[in-house]
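Residue numbers (the UniProt record's numbering): 1 to 414.
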């Protein structure tokens with residue numbers, strides 16, 4: 001590359017220093033949004049860690065959210081740099097002369113970090129839903145199919161984003177450099193449309209998972225409202241699609257006077273926040289006990305958690321079919337839930353068959369002891385508190401509790 005081309009290409013990394021920069025209130029608003037929403041996603045991730053530590057610990061869905069947050073932060077930084085270098089939010093008449101490729105390197109990095117973001121968030125949400133409604137065959141298949149679709153989306157769009165042009169550096173050196181690119185506008189529309197489609201399909205899964213459960217209307221409304229917050233992200237995705245079409249195809253006069261470029265950052269970070277809210281159930285129960293008391297689920301021994309996850313002991317070799325979690329919604333009356341257990345039964349003494357007295361042999365005694373230990377470990381995993389007297393009537397303060405409860409049951413996977 002000639003010296004002139006190198007000098008021109010260098011300007012793609014920075015803002016032309018000649019002359020005062022024409023700031024505007026619209027651009028300042030855009031820069032504020034690019035800083036505010038990543039802070040929300042960081043706070044949501046921290047609260048998610050706190051909430052998960054209150055129950056069974058971190059899972060794969062949590063780690064995917066953390067990876068998505070790690071992508072969202074540099075994506076927002078490069079979006080802000082390109083917004084300033086590309087004079088977005090500035091009237092065209094106020095934009096000073098500058099190289100045509102100024103800031104394109106920041107735009108390229110912004111697209112690279114944005115490409116896998118929403119797919120990671122949706123995969124995390126689907127893994128979370130598998131814990132709640134994964135025992136339903138249709139929900140189980142739907143979640144796995146959507147996870148596969150999102151993985152394929154990342155595998156297709158991320159390499160295409162990185163190798164948009166040949167050579168790669170032509171993305172930010174044009175028109176000074178020489179190379180070729182495929183239709184970037186059509187590619188951006190295809191990515192935005194795919195995100196909207198997978199958003200809608202993912203939103204339908206919670207409604208299918210919870211529609212047959214016998215829930216009190218307050219619990220049902222709370223669950224569906226929490227999961228329906230993802231519709232906000234779909235609305236932002238639709239606005240972003242219009243913004244992409246506007247920039248690449250409509251090309252209105254005064255085209256730079258817009259903050260539509262911030263929609264990808266808002267979309268990605270709102271996706272992280274809305275995907276994290278359902279996982280904050282245990283933490284919200286601690287912070288807002290009155291709200292949960294109105295739904296009859298404020299007592300830990302009555303409602304261990306919204307999440308149910310069966311864990312096998314590390315030291316136990318599983319030879320039977322793997323267990324999976326099953327969530328059952330039952331009324332408090334007339335039966336006491338099965339997970340409100342009494343104290344462990346005392347172990348029987350060693351002995352053999354002698355006369356009419358039946359004492360358990362050594363093998364039976366060892367089996368019973370292992371079962372008691374396994375039950376204690378299961379209680380520790382799910383936070384179950386034993387009751388001394390399971391046959392007694394409920395305490396007076398619980399007499400009017402007529403809402404529904406969750407019990408936990410395990411069964412072999414089919």
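Built from N, CA and C at the ideal position, the CB exists for glycine as well.
Model, not experiment: these values are computed from the prediction.
Query raised in the report: Hey, how far is the Cα of residue 257 from the Cα of residue 35?
Result: Taking the first residue of the chain shown as position 1, residue 257 is located at position 257. Taking the first residue of the chain shown as position 1, residue 35 is located at position 35. Each residue's Cα considered, the two are about 19 Å apart.
**Report entry** alpha helix (DSSP H) runs wholly inside the region 155-194, at least 4 long, in chain order
**Finding:** 170-173
Query raised in the report: Is residue 226 closer than 8 Å to residue 40 when the C-beta atoms are compared?
Result: For the purposes of this step, residue 40 is taken as residue 40 along the chain shown, with counting starting at 1. For the purposes of this step, residue 226 is taken as residue 226 along the chain shown, with counting starting at 1. The answer is no: Cβ separation not under 8 Å.
Query raised in the report: Can you tell me where the alpha helix (DSSP H) with residue 288 in it begins and where it stops?
Result: Numbered from its first residue, the chain shown carries residue 288 at position 288. First-last for residue 288: undefined, no H or E at that position.
Query raised in the report: Taking three-plus beta-carbon pairs below 8 Å as touching, is the region 265-284 in contact with the region 41-58?
Result: yes
Query raised in the report: Just reading off the alpha helix (DSSP H) that residue 50 is part of, what are its end residues?
Result: For the purposes of this step, residue 50 is taken as residue 50 along the chain shown, with counting starting at 1. Note, residue 50: alpha helix (DSSP H), 25-54.
Report task. Kindly list the residues whose CB is nearer than 7 Å to the CB of residue 345, restricted to its own chain and excluding five residues on each side of it in sequence; keep chain order. Result -> Position 345 of the chain shown, counting from 1, holds the residue named residue 345. Legend: pLDDT at residue 345 = 47, less than 50; position of this residue unreliable, value from coordinates given subsequently. Closer than 7 Å at the Cβ level, and outside the excluded window around residue 345, lies no residue.
Requested in this report: Just the C-alpha distance for residue 203 and residue 33, rounded to the nearest angstrom, thanks.
Outcome: Counted from its first residue, the chain shown places residue 203 at position 203. Counted from its first residue, the chain shown places residue 33 at position 33. Computed Cα separation, rounded: 25 Å.
Query - Given residue 68 as reference, the closest of 219, 44, 84 and 87 once Cα atoms are compared - result: As a working mapping, residue 68 is identified with position 68 in the chain shown. Taking only the C-alpha atoms, the option nearest residue 68 is 44.
Query raised in the report: Does the count of Cβ pairs from the region 80-93 and the region 120-138 closer than 8 Å reach three?
Result: no
Query raised in the report: Would the region 164-178 and the region 238-256 be scored as touching if the rule is three or more Cβ pairs under 8 Å?
Result: no
Query raised in the report: Below 8 Å between beta carbons: does that hold for residue 451 and residue 152?
Result: The structure shown does not extend to residue 451, since the chain is modelled only from 1 to 414, so the question has no answer here.
Query raised in the report: How about residue 80 and residue 268: do their beta carbons lie closer than 8 Å?
Result: For the purposes of this step, residue 80 is identified with residue 80 of the chain shown, where counting begins at 1. For the purposes of this step, residue 268 is identified with residue 268 of the chain shown, where counting begins at 1. In this structure, residue 268 does not lie closer than 8 Å to residue 80 by Cβ.
Query raised in the report: From this set, 201, 253, 222 and 99, which residue's C-alpha is nearest residue 148's C-alpha?
Result: The residue labelled residue 148 in the question sits at position 148 within the chain shown. For residue 148, the nearest C-alpha among the options comes from 201.
Query raised in the report: Measuring CA to CA, which of 150, 113 and 93 is closest to residue 74?
Result: Counted from its first residue, the chain shown places residue 74 at position 74. The option with the nearest alpha carbon to residue 74 is 113.
Query raised in the report: Whole alpha helix (DSSP H) runs in the region 230-291 with 4 or more residues, listed along the chain?
Result: As far as the region 230-291 is concerned, its whole alpha helix (DSSP H) runs of at least 4 residues are 230-245, 263-276 and 281-287.
Query raised in the report: Where does residue 110 sit, in a helix, a strand or coil, going by DSSP?
Result: To locate residue 110, count along the chain shown from 1; it is residue 110. Looking at residue 110 - three-state DSSP - the assignment turns out to be helix.
**Report entry** Own chain partners of residue 61 with C-beta closer than 6 Å, once the 5 adjacent residues on each side are dropped
**Finding:** Start at 1 with the first residue of the chain shown, and residue 61 comes out as number 61. 124, 127 and 128, listed in sequence order.
Query raised in the report: Which same chain residues, not among the five before or five after residue 184, have their C-beta less than 7 Å away from its C-beta?
Result: Here the question's residue 184 lines up with position 184 in the chain shown. Excluding positions up to five away in sequence, the list reads 164.
**Report entry** C-alpha distance - residue 31 paired with residue 211, whole-angstrom precision
**Finding:** Position 31 of the chain shown holds residue 31. Position 211 of the chain shown holds residue 211. When rounded, the distance between both Cα atoms is 42 Å.
Query raised in the report: Is DSSP giving residue 87 helix, strand or coil here?
Result: Taking the first residue of the chain shown as 1, we reach residue 87 at position 87. Coil at residue 87, not helix or strand.
**Report entry** Environment of residue 155 [buried if 16+ CB atoms lie within 10 Å]
**Finding:** Against the chain shown, residue 155 aligns to sequence position 155. Exposed, because fewer than 16 other Cβ atoms sit within 10 Å of the Cβ of residue 155.
Query raised in the report: Should residue 234 and residue 196 be called a contact, given that it needs their Cβ atoms to be closer than 8 Å?
Result: The count along the chain shown starts at 1 and reaches residue 234 at position 234. The count along the chain shown starts at 1 and reaches residue 196 at position 196. Here residue 234 is near residue 196, since their CB atoms are less than 8 Å apart.
Query raised in the report: What's the call for residue 111, buried or exposed, on a 16-neighbour Cβ count within 10 Å?
Result: Here residue 111 refers to the residue found at position 111 of the chain shown. So residue 111 counts as buried.
Query raised in the report: Excluding sequence positions up to five away, which residues of its chain have a Cβ less than 7 Å from the Cβ of residue 26?
Result: Here residue 26 refers to the residue found at position 26 of the chain shown. Hits under 7 Å: 89, 257 and 259.
**Report entry** residue 103, DSSP secondary structure in three states
**Finding:** Residue numbering aside, residue 103 sits at position 103 when the chain shown is read from its first letter. Coil at residue 103, not helix or strand.
Report task. Check the C-beta distance from residue 37 over to residue 276 and give it rounded, since I have them as a contact under 8 Å. Result -> Here residue 37 corresponds to residue number 37 of the chain shown, with the count starting at 1. Here residue 276 corresponds to residue number 276 of the chain shown, with the count starting at 1. Between residue 276 and residue 37 the Cβ distance is about 13 Å, and since that is not below 8 Å, they are no contact.
Query raised in the report: From 255, 76 and 58, pick the residue whose C-alpha is nearest to that of residue 91; which is it?
Result: Residue numbering aside, residue 91 sits at position 91 when the chain shown is read from its first letter. Ranking the options by Cα distance to residue 91, first place goes to 255.
Query raised in the report: From this set, 105, 261, 158 and 209, which residue's C-alpha is nearest residue 141's C-alpha?
Result: Start at 1 with the first residue of the chain shown, and residue 141 comes out as number 141. Ranking 105, 261, 158 and 209 by Cα distance to residue 141 puts 209 first.
Query raised in the report: Taking the alpha-carbon positions, what's the residue 49 to residue 58 distance?
Result: If you number the chain shown from 1, residue 49 lands on position 49. If you number the chain shown from 1, residue 58 lands on position 58. Using only the alpha carbons, I get a separation of about 7 Å.
Query raised in the report: Exposed or buried, residue 288, counting other C-beta atoms within 10 Å across all chains shown (16 or more means buried)?
Result: On the chain shown, residue 288 is found 288 positions in, with the first residue counted as 1. When all chains shown are included, residue 288 counts as exposed.
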